[in-house]
Amino acid sequence: MYVIDANVFIDAKNRHYGLDFAPGFWDWLVEQNNDGSLCSIADVKKELDAGKDELSKWATTNSGLFVALDPPVQASMQTLSTWANSGTFTGAAVNTFLAGADYPLVAFAHAHSHTVVTHERSQPNAKKRILIPDACTAIGVNCVDPFTMLRSEGAKFVCAN
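So the sequence shown is numbered by the numbering used here: it starts at 114 and just counts up by one.
The following block contains the structure:
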């Protein structure tokens with residue numbers, strides 16, 4: 114199963130798959146969620162809701178795509194927190210990471226052996242920001258970009274006109 118980061122939704126809306134001209138992408142996300150192939154977490158929905166735009170409306174309409182954290186995630190959060198606090202990152206980087214949606218997103222994927230989907234790129238030498246791909250690598254979670262997910266799943270968005 115894939116677990117989707119907020120930036121996948123936001124970049125899709127703003128760049129590649131606008132809700133107004135590429136409804137096939139958004140329908141595909143819902144279909145894949147209904148099939149049990151992808152989801153996101155409630156913390157990501159909170160980030161999308163803050164935008165108060167058509168994406169936040171879409172997220173509300175499709176709120177079933179965003180799941181609550183469950184008890185198995187707690188152990189994964191501890192593992193991830195221990196890694197984040199290992200001394201590699203600045204205190205501000207750790208605080209920002211632990212306060213945001215990336216932390217529970219990666220922990221959820223770890224707890225359930227899922228794959229994280231994000232536009233972020235690994236920067237293993239970064240000290241001032243904890244990036245999702247690096248957090249995933251640290252605790253053994255697979256992480257891919259959205260285009261890899263789309264190709265792996267055989268997504269096709271065919272023009273109807």
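Think of the CB as a built atom: it goes at the ideal place given N, C-alpha and C, for glycine as much as any other residue.
What residues match up with Val254 in a beta bridge as DSSP calls it? According to DSSP, Val254 shares a beta bridge with no other residue.
Closest by CA to Lys126, which one among Ala172, Thr195, Ala206 and Val116? Distance from the Cα of Lys126 is smallest, within the candidate group Ala172, Thr195, Ala206 and Val116, for Ala172.
Just tell me which of Ala135, Ser150 and Arg128 has its CA closest to the CA of Ser226. Minimum Cα distance to Ser226 is reached at Ser150.
Would you check if the distance between the CB atom of Leu244 and the CB atom of Val157 is smaller than 8 Å? For Leu244 and Val157, no; Cβs fall outside 8 Å.
By DSSP, does Tyr130 sit in helix, in strand, or in coil? Per DSSP, reduced to three states, the secondary structure at Tyr130 is coil, with no helix or strand assignment.
Using only CA atoms, which one of His129, Leu178, Phe134 and Leu161 lies nearest to Ser153? If we check each option's Cα against that of Ser153, Leu178 comes out closest.
Beta-bridge pairing of Ile154 - partner residues as DSSP gives them: According to DSSP, Ile154 bridges with Val180.
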